[in-house]
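J.:
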Amino acid sequence: MTHKIAVLPGDGIGPEITEQAVRVLTALGLDLDLQTAPVGGAAYEAEGHPLPAATLNLALDSAAILFGAVGDWKYDQLARELRPEQAILGLRKALGLFANLRPAILYPQLANASSLKPEIVAGLDILIVRELTGDIYFGQPRGVREVADGPFKGERQGYDTMHYAESEVRRIAHVAFRAAQKRNKRLCSVDKANVLETSQFWRDIMIAVAPEYPDVTLSHMYVDNAAMQLVREPKAFDVVVTGNLFGDILSDEAAMLTGSIGMLPSASLNASNQGLYEPSHGSAPDIAGQNMANPLATILSAAMLLRYSLNQGAQADRIEAAVQAVLEQGLRTADIYEAGTDKVTTSQMGDAVLKALK
Ligand code: NAI
Ligand code: MG
């Protein structure tokens, strides 16, 4: 069966890094139909819209999307709906991408990149599963109002609403349990159930879903403790599942444990495992067009694409092993360079991964 993949390179370093990931996907010998379309600022320049209808239709009609990055300061003056980042929001909405998977992996060869001691982080390999479409970010009502009574009577007050529907919690629970099954079968649900009703509800649903995954061990942790444990003993985690707000913060915290933004992939999935795969970093306009960006986050995003949308875990393992091998050979793009290693360009890094695959 041919798998159709939408390739959306985007802006800045997007095209350079996506090109290397496409070379890697192509080299695997799978039956893939890779179709490229413009997105973000590049699409605005060409067609007057960051997410043209043809690009959106291609994405909807594909098993998965390989996305580079979008954005540049030169688009800051555009109306909000024409800005490059609207393309990601539009794709998320159109495909119903509610589950954000952010691995934080620290390859042993890069242990010095972390701000934590190597013995605490070397070999770190955790996965944060963040709910992406609900929670306080989208809850209604929200706004600024005048307080009717109590100690702040007559003052203006800003407010938001946190809520999760049962089906929203159930579907992210299933994604997280399935991800845990593909890894070390330990899932930690992070909430604030000691204070928030929404969190107690979330916890109850996690517990209700757990019997469907008897091979996965479910635990619970309050978010404040989770923030501490991530820097104290991060390797104690395997898969973490949490809501949109807590996940926003914890996934950035976990990313920084690895110290190298050029290495971190991500996935955003819907209920039918259709997904958008992109590096965690942005379009890096400061280094665009110089053949010096690190393509590994995008190459590792392609590995996630194979694992989660195409159910090709063994091929994903192959790519991840090849990345590990080039690091072992001492090859480094500028962002992860340190004395005693070999500095390489974007395309040289791609060449090396291809060679290691064989
Ligand atoms: P950024 O992630 O693009 O860059 C931050 C710093 O990290 C820069 O110094 C950059 O050179 C470096 N960097 C990032 N990726 C790298 C790589 N692969 N190899 C080597 N160095 C790398 O974040 P910034 O500067 O805040 O945003 C730049 C543009 O990217 C903005 O327009 C922003 O809106 C957009 N952006 C897009 C995202 C996306 O497409 N999903 C996500 C985040 C930002
Ligand atoms: Mg964030």
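Take the sequence shown: its position 6, counting from 1, is numbered 6 in full-length UniProt numbering, and each next residue is one higher. C-beta atoms are modelled at their ideal positions from N, C-alpha and C, and glycine is treated no differently.
1. Measuring straight from C-alpha to C-alpha, what distance separates residue 198 and residue 27?
2. What does the alpha-carbon distance come out to for the pair residue 56 and residue 65?
3. Going by Cα to Cα distance, which pick from 163, 151, 117 is closest to residue 139?
4. Strictly under 8 Å for the Cβ-Cβ distance: is residue 121 near chain D by that measure?
5. I want to know whether the region 199-211 touches the region 86-93 - three or more CB-CB distances under 8 Å.
6. Given 8 Å as the limit, is there contact between the region 73-87 and the region 226-235, that is, 3 or more CB pairs closer than that?
7. To test your reading of the DSSP string, which unbroken beta strand (DSSP E) runs of 3 or more residues are found completely within the region 138-166?
8. Can you pull the DSSP bridge partners for residue 213?
9. In whole angstroms, what is the alpha-carbon distance linking residue 254 and residue 127?
10. Does the distance from the C-beta atom of residue 10 to that of residue 29 stay below 8 Å?
11. Taking the continuous beta strand (DSSP E) assigned at residue 4, which residues delimit it?
12. From residue 24 to residue 62, what does the alpha carbon distance come to, in whole angstroms?
13. Among 146, 326, 4, whose alpha-carbon lies nearest the alpha-carbon of residue 154?
14. By DSSP, does residue 173 sit in helix, in strand, or in coil?
15. What I want to know is whether the C-beta of residue 338 ends up closer than 7 Å to one or more non-hydrogen atoms of ligand 1.
16. My parser needs the beta strand (DSSP E) runs of 3 or more residues fully inside the region 183-241; what are they?
17. Nearest-angstrom Cα distance between residue 181 and residue 342?
18. From what residue to what residue does the beta strand (DSSP E) around residue 277 run?
19. Let me check understanding here. Comparing Cα to Cα, which of 290, 278, 324, 7 lies closest to residue 37?
20. Under three-state DSSP, which class holds residue 291?
21. Do residue 191 and residue 144 have their beta-carbon atoms positioned less than 8 Å apart in this structure?
22. Report yes or no: do three or more beta-carbon pairs, one from the region 264-279 and one from the region 300-312, lie closer than 8 Å?
23. Just to confirm the assignment: which complete beta strand (DSSP E) runs, minimum length 3, are found wholly within the region 307-337?
24. Per DSSP, which one or two residues make a beta bridge with residue 35?
25. Is residue 294 near ligand 1, with its Cβ less than 7 Å from a heavy atom?
26. Quick one: Cα of residue 186 to Cα of residue 241, how far?
27. Are the Cβ atoms of residue 245 and residue 88 separated by less than 8 Å?
28. Can the beta-carbon of residue 297 be found less than 8 Å from the beta-carbon of residue 262?
29. Give me, in chain order, the residues of the same chain whose beta-carbon lies closer than 6 Å to that of residue 105; leave out the 5 immediate sequence neighbours on both sides.
30. Would you please state the rounded distance, in angstroms, between the beta carbons of residue 299 and residue 353? I believe it to be under 8 Å.
31. Hey, how far is the Cα of residue 174 from the Cα of residue 340?
32. Among the residues of its own chain, which have a CB less than 8 Å from the CB of residue 31, if the five just before and after it don't count?
33. Tell me whether residue 358 sits in a helix, a strand or coil according to DSSP, three-state version.
34. Buried or exposed for residue 44, going by 16 or more other Cβ atoms inside 10 Å?
35. According to the neighbour-count rule (16 or more other Cβ atoms, all chains shown, within 10 Å of its Cβ), is residue 176 buried or exposed?
36. Alpha carbons only, please: which of 131, 220, 21, 214 is nearest the one belonging to residue 200?
T.: Here's the rundown:
1. For the purposes of this step, residue 198 is taken as residue 198 along the sequence shown, with counting starting at 1. For the purposes of this step, residue 27 is taken as residue 27 along the sequence shown, with counting starting at 1. Answer to the nearest angstrom: the Cα atoms are 46 Å apart.
2. Along the sequence shown, one-based indexing puts residue 56 at 56. Along the sequence shown, one-based indexing puts residue 65 at 65. It is roughly 11 Å from the alpha-carbon of residue 56 to the alpha-carbon of residue 65.
3. Translated into positions along the sequence shown, residue 139 becomes position 139. Answer by Cα proximity: 163.
4. The chain inventory of the structure shown lacks chain D, comprising one protein chain alone.
5. Here the region 199-211 does not lie against the region 86-93, with fewer than 3 beta-carbon pairs under 8 Å apart.
6. Contact fails between the region 73-87 and the region 226-235, because fewer than three Cβ pairs, one in each stretch, are under 8 Å apart.
7. Here the runs fully enclosed are 143-146, 156-159.
8. Within the sequence shown, residue 213 is the residue found at index 213, counting from 1. Per DSSP, none; premise fails for residue 213.
9. Here the question's residue 254 lines up with position 254 in the sequence shown. Here the question's residue 127 lines up with position 127 in the sequence shown. Rounded to whole angstroms, the gap between the alpha carbons of residue 254 and residue 127 is 9 Å.
10. Stepping through the sequence shown from its first residue, residue 10 is reached at position 10. Stepping through the sequence shown from its first residue, residue 29 is reached at position 29. With contacts defined as CB atoms closer than 8 Å, residue 10 and residue 29 fail to qualify as a contacting pair.
11. Translated into the one-based positions of the sequence shown, residue 4 becomes position 4. In the DSSP annotation of this structure, the continuous segment of the beta strand (DSSP E) that includes residue 4 starts and ends at 3-10.
12. Walking along the sequence shown from the start, residue 24 turns up at place 24. Walking along the sequence shown from the start, residue 62 turns up at place 62. Note on geometry: alpha-carbon atoms of residue 24 and residue 62 lie some 19 Å from one another.
13. The sequence position of residue 154 within the sequence shown is 154, counting from 1. For the set 146, 326, 4, the Cα lying nearest the Cα of residue 154 is the one of 146.
14. Here residue 173 corresponds to residue number 173 of the sequence shown, with the count starting at 1. In the structure shown, residue 173 falls within a helical segment according to DSSP collapsed to helix, strand and coil.
15. Position 338 of the sequence shown, counting from 1, holds the residue named residue 338. Because no heavy atom of ligand 1 lies under 7 Å away, the Cβ of residue 338 does not count as near it: no.
16. Every beta strand (DSSP E) of 3 residues or more that sits fully in the region 183-241 is shown, in chain order, as 186-191, 217-222.
17. Along the sequence shown, one-based indexing puts residue 181 at 181. Along the sequence shown, one-based indexing puts residue 342 at 342. Residue 181 and residue 342: Cα-Cα distance of roughly 37 Å.
18. For this step, residue 277 is matched to residue 277 along the sequence shown. Segment 275-279, the beta strand (DSSP E) holding residue 277.
19. Position 37 of the sequence shown holds residue 37. If we check each option's Cα against that of residue 37, 7 comes out closest.
20. The count along the sequence shown starts at 1 and reaches residue 291 at position 291. In the structure shown, residue 291 adopts coil according to DSSP, grouped into three states.
21. Looking up residue 144 in the sequence shown gives position 144. Looking up residue 191 in the sequence shown gives position 191. No.
22. For the pair of segments examined, the region 264-279 was found to touch the region 300-312: the number of CB pairs separated by less than 8 Å reaches three.
23. Within the region 307-337, no beta strand (DSSP E) run of at least 3 residues lies entirely inside it.
24. Residue 35 sits at position 35 when you count from the first residue of the sequence shown. Paired residues: 6.
25. Translated into positions along the sequence shown, residue 294 becomes position 294. Flag set: Cβ of residue 294 near ligand 1.
26. Translated into the one-based positions of the sequence shown, residue 186 becomes position 186. Translated into the one-based positions of the sequence shown, residue 241 becomes position 241. About 11 Å.
27. By 1-based counting over the sequence shown, the position of residue 245 is 245. By 1-based counting over the sequence shown, the position of residue 88 is 88. Not in contact: residue 245 and residue 88 (Cβ atoms no closer than 8 Å).
28. Counting from 1 along the sequence shown, the entry for residue 297 is found at position 297. Counting from 1 along the sequence shown, the entry for residue 262 is found at position 262. Yes, these two residues count as a Cβ contact at 8 Å.
29. Indexing the sequence shown from 1 puts residue 105 at position 105. Take residue 105, set aside five residues on each side of it, and the residues of its chain with a beta-carbon closer than 6 Å to its own are 125, in chain order.
30. For the purposes of this step, residue 299 is taken as residue 299 along the sequence shown, with counting starting at 1. For the purposes of this step, residue 353 is taken as residue 353 along the sequence shown, with counting starting at 1. About 6 Å; that satisfies the 8 Å criterion.
31. Start at 1 with the first residue of the sequence shown, and residue 174 comes out as number 174. Start at 1 with the first residue of the sequence shown, and residue 340 comes out as number 340. Spanning the two alpha carbons is a distance of roughly 45 Å.
32. For the purposes of this step, residue 31 is taken as the residue at position 31 of the sequence shown. Same-chain partners within the cutoff: 1, 2, 3.
33. Walking along the sequence shown from the start, residue 358 turns up at place 358. Taken through DSSP and simplified to helix, strand or coil, residue 358 comes out as coil.
34. Stepping through the sequence shown from its first residue, residue 44 is reached at position 44. Residue 44 comes out buried.
35. In the sequence shown, counting from the first residue as 1, residue 176 sits at position 176. Its Cβ being crowded by 16 or more others within 10 Å, residue 176 is buried.
36. Taking the first residue of the sequence shown as 1, we reach residue 200 at position 200. That would be 220, whose Cα lies nearest to the Cα of residue 200.
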